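Step one of this worksheet: look at the structure below.
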Amino acid sequence: MARDEVADAVLDAARAAFHTRGYAKTTMRGVAAAAGVAPSVARKYYANKEQMFAAAMRLPFDPSRSVPELLAPGLDGMGERLVRSTFDVLKDENTRQQIVDLFQAGSSAGKAAQSLRDFLEEAVVDRVAAVVGIPDARMRAALISSHLIGLAATRYVVKLEPLASASEDEVVRIYAPMIQDLLDPTKPVKGLSRSAASP
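So the mapping is simple: my numbering equals the position in the sequence shown, first residue as 1, plus 21.
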């Protein structure tokens, strides 16, 4: 196969795997096998699973670069930066349409939607939580992901008013404090039992 054909085959295999197996169960080796190439060939195009998923979902960012940039300024203002970075991703029309398609496809898109959630948690929120050293990090990561995915679904899929037509700045003012509280190690998550807090 020509180089472009190989790249297309790897990406097609990756997209199929993420949609059917989910992010957590998809491996670089499995994608390479499905594409009919060696794992080393797949890695020439994508250094890791995160990059492969971002390409398959047409996400306009690379977590290996964007997450360190998000973390660099420190904990203060992290909630606002996470919400604004979510908006930055959703500004891309192709990405937004991919997310809309996932939610509108119903149960057949269950694995794909789960892949998006797992990717956000593992590649973005978990990294943020680990670096800032917050307690109950796993639960907090799940709650932050639910806020951000819920925002995307409500604003762009359900289009529930007045959230759908509110300005980005208005939405940031509403969401950022909720996210910031979940990132604040001095603020316990209310109602969280010890068993639920365990990673």
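We put the beta carbon where it would ideally sit given N, CA and C, even for glycine.
Keep in mind that this is a model prediction, so the values were computed, not measured.
If contacts are defined as beta-carbon pairs under 8 Å, then residue i and residue j qualify, I think. What distance do you get, rounded to the angstrom?
i	j	result
L184	V149	That belief does not hold up - the Cβ atoms of L184 and V149 are roughly 24 Å apart, past 8 Å.
I261	L203	Missing from the structure shown is residue 261; the chain here goes from 22 to 220 and no further.
A174	L111	About 11 Å; that fails the 8 Å criterion.
A30	A68	About 18 Å; that fails the 8 Å criterion.
R117	Y177	6 Å
E143	A163	About 11 Å separates the two Cβ atoms, so there is no contact after all.
S136	Y44	4 Å
Starting from residue i, trace the alpha helix (DSSP H) both ways and give me its first and last residue.
i	result
P156	It is not in any alpha helix (DSSP H) - P156 carries neither H nor E in the DSSP assignment.
D202	189-204
On the three-state DSSP scale, how would you describe residue i?
i	result
K65	helix
T47	coil
S9	With the chain represented from 22 up to 220, any question about residue 9 goes unanswered, as that position is not in the structure.
V31	helix
L96	coil
A76	helix
S129	Low confidence applies to S129: its pLDDT is 48, below 50, so where it sits in the model is not reliable enough to give any reading.
P89	helix
By Cβ distance below 8 Å, which residues in the same chain neighbour residue i in space, the five residues on each side in sequence not counted?
i	result
D33	A56
A28	Y66
V210	D157, M160, R161, L164, L203, A218
Residues in its own chain within less than 6 Å of residue i by CB, not counting five upstream and five downstream?
i	result
S61	none
TODO: Would you be able to state if there are at least three C-beta pairs under 8 Å between the segment 185-198 and the segment 101-110?
DONE: yes
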